Each structure stands twice: as structure tokens, then as C-alpha cells.
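Take 19 as the starting number for the sequence shown in the numbering used here and just add one per residue. All residues carry an ideal CB built from backbone N, CA and C; glycine is no exception. None of these values were measured; they are calculated from a predicted model. See below for the structure under consideration.
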Amino acid sequence: MPVVVSNNPLLVVKSGINQLYLFDKQSFPYYEAYLRGDETSEDLKRLVSANMKLFSIHMPSTTVYGDQIVPVDFCKERVIGQASFEKLDQLIHFCDTNKVRFIVIHLGFYNSLTENRYDILDSVAKKLNRLNPRTVKLCIENVPNWGTLSFEHEPIISDEDHFLYLKERCPSIGAVFDVDHLAINTVFNHFYPLFKQRYTSNQQAPLMEQEIHEETNRNPQFFKSMIEQSIESFLSRIQPDLIHAVGSDFCNYLLVGRLPLIGEALPLQFEGTIKGRSVKDRLDHTQWLSLVSKDTPIVIEVHLREEYDYVNEMKNSWGVLIDLIQKNIKT
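Pasting the structure below:
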């Protein structure tokens, strides 16, 4: 049974809708539901009858709009933008009705070759300000630049500067800090200026990825220090409303098949084999714990993979985090 610390912070597990049954015999108290995008009203109602209390909802990457499946992207106009805001409005009503505290949002992407990030953020902020959540808080998650998420398809908010620009224009918006995403973004952005001289499209992502893999393995301590500096910079300027606690191996940011990257979305302090490669969580989680408010809720995120037992790794990550929190309290 997971140990629950009597004092803060509050711990939450993240689960996809299709994985919820795996927690039927577990005793985690709270969960964040990652939606598929095709849930009916009845499906949403069932979320509040799970054996864990629904704490937050993570918006899906796609949604059903009429007879179409479209991306959720608040930066787009016409059908995609309209569908995204309609989905969000539906979830706001559901969360307000059922006392769900947070909605986690990936705000979307833009073409950095032809569009202006800040013009788009100005437009999105106006639309967000028209929404009327009563009790649920809308929170934007940092989404990393990467080879496939660059050039003509770059995240609109990947660092603290982008978020703070939006918050100036939409003061009610909250922040989700994803430590794994920040690590990926930091590593990629180290190379991005050079890539812009060599490449012209995210279709060349495999070439970028190979360069990053070679360089991070050549000097891992350099990149570890760089990531720690980025964490300190982010958390010195933004106190997040919610944290996604995730392991990350910056020496193995390789895409084999579908996302996630091999070294992405690992259990905390994991060490093992993913898709035939030895990986380990290289992040210092005591660092970010020491920089955030003690009452900030922490969502433990473990990606479902065939190489390990999903629930066992969720339990292991929970235990790791409890140990780190208690050590942090003592110091």
C-alpha cells in the first residue's frame, strides 16, 4: 500500500483512461486522468466513481468534432481551434460540477518559420479570458522543443518566458511544471541555433537527434549541469500550481517508433532497458523539490511500457518521492 505523508505535498498518480482498471486493487488516493478525446458524458461521469479521487484532468491530444478526429491545439483557427475550445469548455463544466481542481493543457504549436509566437499568444490569451471556470483552475504545461517539435511545428510554450508572457495577458492561468519536458527542451535548445543554420524542417529530426545523442554521451555532466541551471531558472520565476514528476535520461533521447523517446517519461530513479538500450533516470529530483512550495501537488507520471510492470513502477516512483520529500523536510 502506498505510504501517504501526513504533511504536504499531496501526491497524485497519472493514468490514461484505458489504464484505470490497473488501479482497481491499489490504494492510491488521487489521480490525474489523461483523456483519450472521444469520451462521452457518461464516460466522464465514470471518472468520478473510480476507487481514487479525481484530482485533475489532462486534456487529450485529439478530440472528436462532428465526424472528424482533430488535434487539440488552441493556437489554430477555424475547425481545430473551435473544437479545442469547445472541448475545454465541456471539461470546465464537468470539473466545476465534480470539484476537480485542475485541467492540464498543452496549449499548442505554431510554425516558427512563418508565424510570430507572441502574436498567437496575444490571440489565445483573449480567448482564454472569455472562459468562465468557477472553481477548476486551468494550467498550462511546458511542452519541449525537440527534432519533431521544431521549425514548422514548435510548441508555443516551452519555457518560462513564454509562460510569463501569456500570464501577463491572462492572469488567471496557472502553470504545470514537467521536469522531464524541461530537460528535453534544455538539451534541444542547446543545439537549436546551430540546427537552424544546417536544417530547414522538422522532417530532418533524425539527423538532429543523432547529433544530440552523440554529444550528450560524450559529456553527460555538462548537460546535467545545464538542466539543473534551467530548473533553477524556471522555478525561480514561476511557482507552479502542479508538478509532473518524471524520470529522464538525456543521454537516450532517441525516437524508435512512436513517442515517447527512449529516455523520456521514465519512472523516478529507474535503471533498466528500454527498446534494447540501457537507460537510467539522470535527474536530481531533490533539486526541484527544494525549490517549490511544500504544498504544491505532485503528479507521478509513468509511461506504460512493455519493459516493466506499470503499477509496480508507479509504486516505486511513489516510494522514491516519499523518501526524497522526507529528506527534504529534514534539511
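Quick check: the Cα distance between residue i and residue j, rounded to an integer number of angstroms?
{"i": "residue 43", "j": "residue 214", "result": "50 Å"}
{"i": "residue 343", "j": "residue 194", "result": "19 Å"}
{"i": "residue 345", "j": "residue 312", "result": "13 Å"}
{"i": "residue 88", "j": "residue 129", "result": "18 Å"}
{"i": "residue 163", "j": "residue 152", "result": "33 Å"}
{"i": "residue 19", "j": "residue 300", "result": "Legend: pLDDT at residue 19 = 48, less than 50; position of this residue unreliable, no value from coordinates given."}
{"i": "residue 24", "j": "residue 340", "result": "Caution is warranted here: a pLDDT of 48 is assigned to residue 24, below 50, making its placement in the model unreliable, and no coordinate value can be reported."}
{"i": "residue 306", "j": "residue 144", "result": "32 Å"}
{"i": "residue 259", "j": "residue 231", "result": "33 Å"}
{"i": "residue 293", "j": "residue 90", "result": "29 Å"}
{"i": "residue 270", "j": "residue 281", "result": "5 Å"}
{"i": "residue 326", "j": "residue 277", "result": "17 Å"}
{"i": "residue 285", "j": "residue 319", "result": "7 Å"}
{"i": "residue 314", "j": "residue 113", "result": "20 Å"}
{"i": "residue 233", "j": "residue 338", "result": "30 Å"}
{"i": "residue 97", "j": "residue 84", "result": "10 Å"}
{"i": "residue 47", "j": "residue 322", "result": "20 Å"}
{"i": "residue 31", "j": "residue 49", "result": "5 Å"}
{"i": "residue 134", "j": "residue 80", "result": "24 Å"}
{"i": "residue 137", "j": "residue 186", "result": "14 Å"}
{"i": "residue 264", "j": "residue 198", "result": "6 Å"}
{"i": "residue 243", "j": "residue 237", "result": "11 Å"}
{"i": "residue 329", "j": "residue 335", "result": "10 Å"}
{"i": "residue 92", "j": "residue 27", "result": "31 Å"}
Would you check if the distance between the CB atom of residue i and the CB atom of residue j is smaller than 8 Å?
{"i": "residue 38", "j": "residue 68", "result": "yes"}
{"i": "residue 127", "j": "residue 171", "result": "yes"}
{"i": "residue 304", "j": "residue 245", "result": "no"}
{"i": "residue 324", "j": "residue 288", "result": "no"}
{"i": "residue 316", "j": "residue 29", "result": "yes"}
{"i": "residue 182", "j": "residue 191", "result": "no"}
{"i": "residue 160", "j": "residue 141", "result": "no"}
{"i": "residue 268", "j": "residue 241", "result": "yes"}
{"i": "residue 121", "j": "residue 156", "result": "yes"}
Which partner residues of residue i appear in the DSSP bridge assignment?
{"i": "residue 262", "result": "196, 317"}
{"i": "residue 298", "result": "289"}
{"i": "residue 51", "result": "33, 75"}
{"i": "residue 159", "result": "194"}
{"i": "residue 282", "result": "BP columns for residue 282 are empty, so no partner."}
{"i": "residue 164", "result": "167"}
{"i": "residue 172", "result": "128"}
Identify which residue in the options has its Cα closest to the Cα of residue i.
{"i": "residue 58", "options": "107, 48, 82", "result": "82"}
{"i": "residue 275", "options": "224, 237, 287, 63", "result": "224"}
{"i": "residue 210", "options": "196, 227, 198, 197", "result": "227"}
{"i": "residue 149", "options": "105, 319, 200", "result": "105"}
{"i": "residue 154", "options": "180, 93, 116, 125", "result": "116"}
{"i": "residue 52", "options": "107, 253, 33", "result": "33"}
{"i": "residue 179", "options": "264, 256, 165", "result": "256"}
{"i": "residue 248", "options": "298, 196, 272", "result": "196"}
{"i": "residue 297", "options": "309, 329, 283, 308", "result": "283"}
{"i": "residue 250", "options": "200, 218, 291", "result": "200"}
{"i": "residue 165", "options": "219, 118, 158", "result": "219"}
{"i": "residue 35", "options": "54, 41, 147, 27", "result": "54"}
{"i": "residue 253", "options": "146, 308, 290, 334", "result": "308"}
{"i": "residue 101", "options": "243, 56, 291", "result": "56"}
{"i": "residue 174", "options": "189, 158, 186, 188", "result": "158"}
{"i": "residue 123", "options": "295, 222, 262", "result": "262"}
{"i": "residue 295", "options": "273, 302, 310", "result": "273"}
Which runs of the alpha helix (DSSP H) at least 4 residues long sit entirely within the stretch 69-148? Give them in chain order.
96-116, 135-147
Which complete beta strand (DSSP E) runs does the stretch 189-262 hold, if anything under 3 residues is left out?
192-196
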